[in-house]
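Peer 1: FYI, in UniProt numbering the residues of the sequence shown are 1 to 210. The structure is given below, and queries will be raised subsequently.
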Amino acid sequence: MSFTGTLDKCTACDKTVYVVDLLTLEGIPYHKNCFKCSHCKGCLTMCTYSSMDGILYCKTHFEQLFKESGNFSKNFAKSSEKQNELNRTPSKLSSMFSGTQDKCSVCTKTVYPLEKMTLEGECFHKTCFRCAHAGCPLTHSNYAALDGVLYCRVHFAQLFMEKGNYNHVLQAAAHRRTGSSTPPLLEEPSQEPAPPASHEDQTEEETPLE
């Protein structure tokens, strides 16, 4: 009988990953101490990481790298060749049991192995794996994720460019955690109405000049 971890290799160090030290992201195994930001090498958790095309970043450098270039074409293309090797299938043992109890994070219905996608520890139907902003289909090679909310690269960049930061994206993520599977499109903050004119001002305006 085989055990999960005895055949899996850590994506970062290429050494065997055992169960007690296994962390899985997008179906890709890591040692817990190898799960680090590719820019600053700081340790990450499921709550503190962001990713682009399977490359890991801490949230600070994820935002910083985007600000420097204004797009994802330069800073997020790192290790693209290595990432092409990461599209490996799940272990046989996990495939035997996955899907029978897993629920899609979007529609909450059962996910079976043939239609299952795993991302950030959550399961999705392939047809439910879509951009939270526009609903366009996503793949592991064209998505961006922040606080568990999925976006296509185009709309993720657009949302950032509109505001210059990720505050509204984080707000959408918080809305998602409170019960809505798809965050709403955030509107521009409304301007406060001007205070009504005082009685004295109105009197001055109504008094004709002699």
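All C-beta atoms in this analysis are idealised placements derived from N, C-alpha and C, irrespective of residue type, glycine included.
#1: Rounded to the nearest angstrom, what separates residue 39 and residue 157 at their Cα positions?
#2: Do you know how far the Cα of residue 137 is from the Cα of residue 152?
#3: So, for residue 32: in the same chain, excluding its five sequence neighbours on each side, which residues have a beta-carbon less than 6 Å away from its beta-carbon?
#4: For residue 8, is the classification buried or exposed, using 16 other Cβ atoms within 10 angstroms of its Cβ as the cut-off for buried?
#5: DSSP three-state label for residue 25, please.
#6: Residue 11 to residue 30, Cα distance in whole Å?
#7: Taking 8 Å as the threshold (C-beta atoms), are residue 132 and residue 119 in contact?
#8: Would you kindly work out how many angstroms separate the C-alpha atoms of residue 35 and residue 134, rounded to a whole number?
#9: Take the Cβ of residue 13 as the centre, count every other Cβ of all protein chains shown within 10 Å, and call the residue buried at 16 or more, exposed below.
#10: Any idea if residue 50 is buried or exposed, counting beta-carbon neighbours within 10 angstroms, 16 or more meaning buried?
#11: What residue range does the beta strand (DSSP E) around residue 56 cover?
#12: Residue 111: buried (16+ other C-beta within 10 angstroms of its C-beta) or exposed?
#13: Let me check understanding here. Comparing Cα to Cα, which of 114, 107, 52 lies closest to residue 146?
#14: With distance defined between alpha-carbon atoms, name the residue in 123, 115, 114 nearest to residue 108.
#15: Closer than 7 Å by C-beta to residue 89: which residues in its own chain qualify, once you throw out the five before and the five after it? Chain order, please.
#16: One question on the structure: do residue 48 and residue 58 come within less than 8 Å of each other, judged by their Cβ atoms?
#17: What three-state label does DSSP hand residue 161 in the structure shown?
#18: Could you check which residue in 121, 141, 114, 106 has the C-alpha nearest to that of residue 129?
#19: Taking the C-alpha atoms as reference points, what is the distance between residue 125 and residue 141?
#20: Just to confirm, are residue 61 and residue 37 a CB contact at a threshold of 8 Å?
#21: Since residue 152 sits in a beta bridge, which residues does DSSP pair it with?
Peer 2: Taking the coordinates as given:
#1: Along the sequence shown, read from residue 1 onward, the residue named residue 39 stands at position 39. Along the sequence shown, read from residue 1 onward, the residue named residue 157 stands at position 157. Cα-Cα distance, rounded: 20 Å.
#2: The residue labelled residue 152 in the question sits at position 152 within the sequence shown. The residue labelled residue 137 in the question sits at position 137 within the sequence shown. Residue 152 and residue 137: Cα-Cα distance of roughly 8 Å.
#3: Indexing the sequence shown from 1 puts residue 32 at position 32. If we look at residue 32 and ignore the five residues flanking it on each side, its Cβ neighbours are 21, 23.
#4: If you number the sequence shown from 1, residue 8 lands on position 8. The residue is buried, with at least 16 neighbouring Cβ atoms inside 10 Å.
#5: As a first step, residue 25 must be located in the sequence shown, where it is residue number 25. If DSSP states are grouped into helix, strand and coil, residue 25 belongs with the strands.
#6: Numbered from 1 along the sequence shown, position 11 holds the residue referred to as residue 11. Numbered from 1 along the sequence shown, position 30 holds the residue referred to as residue 30. The alpha-carbon atoms of residue 11 and residue 30 are separated by roughly 6 Å.
#7: Indexing the sequence shown from 1 puts residue 119 at position 119. Indexing the sequence shown from 1 puts residue 132 at position 132. Contact: no.
#8: Here residue 35 corresponds to residue number 35 of the sequence shown, with the count starting at 1. Here residue 134 corresponds to residue number 134 of the sequence shown, with the count starting at 1. So the two alpha carbons sit approximately 30 Å from each other.
#9: For the purposes of this step, residue 13 is taken as residue 13 along the sequence shown, with counting starting at 1. With fewer than 16 Cβ atoms within 10 Å of its Cβ, residue 13 is classed as exposed.
#10: Working through the sequence shown from its first residue, we reach residue 50 at position 50. Residue 50 is buried by the Cβ-count criterion.
#11: Residue 56 sits at position 56 when you count from the first residue of the sequence shown. Looking at the DSSP string, the run of the beta strand (DSSP E) that includes residue 56 is 55-58.
#12: In the sequence shown, residue 111 corresponds to position 111, counting from 1. Classification for residue 111: buried.
#13: Taking the sequence shown and counting its residues from 1, one reaches residue 146 at position 146. Minimum Cα distance to residue 146 is reached at 52.
#14: Along the sequence shown, one-based indexing puts residue 108 at 108. Among 123, 115, 114, the Cα nearest to that of residue 108 is on 123.
#15: Working through the sequence shown from its first residue, we reach residue 89 at position 89. The predicted position of residue 89 is uncertain, since its pLDDT is 48 and thus under 50; no value can be drawn from it.
#16: Walking along the sequence shown from the start, residue 48 turns up at place 48. Walking along the sequence shown from the start, residue 58 turns up at place 58. For residue 48 and residue 58, yes; Cβs fall inside 8 Å.
#17: In the sequence shown, counting from the first residue as 1, residue 161 sits at position 161. DSSP places residue 161 in helix when its eight states are reduced to three.
#18: Counting from 1 along the sequence shown, the entry for residue 129 is found at position 129. The shortest Cα separation from residue 129 among 121, 141, 114, 106 belongs to 106.
#19: Here the question's residue 125 lines up with position 125 in the sequence shown. Here the question's residue 141 lines up with position 141 in the sequence shown. Cα-Cα distance, rounded: 17 Å.
#20: Working through the sequence shown from its first residue, we reach residue 61 at position 61. Working through the sequence shown from its first residue, we reach residue 37 at position 37. Contact flag set, yes.
#21: Locating residue 152 in the sequence shown gives position 152, counting from the first residue. Beta-bridge pairing links residue 152 to 143.
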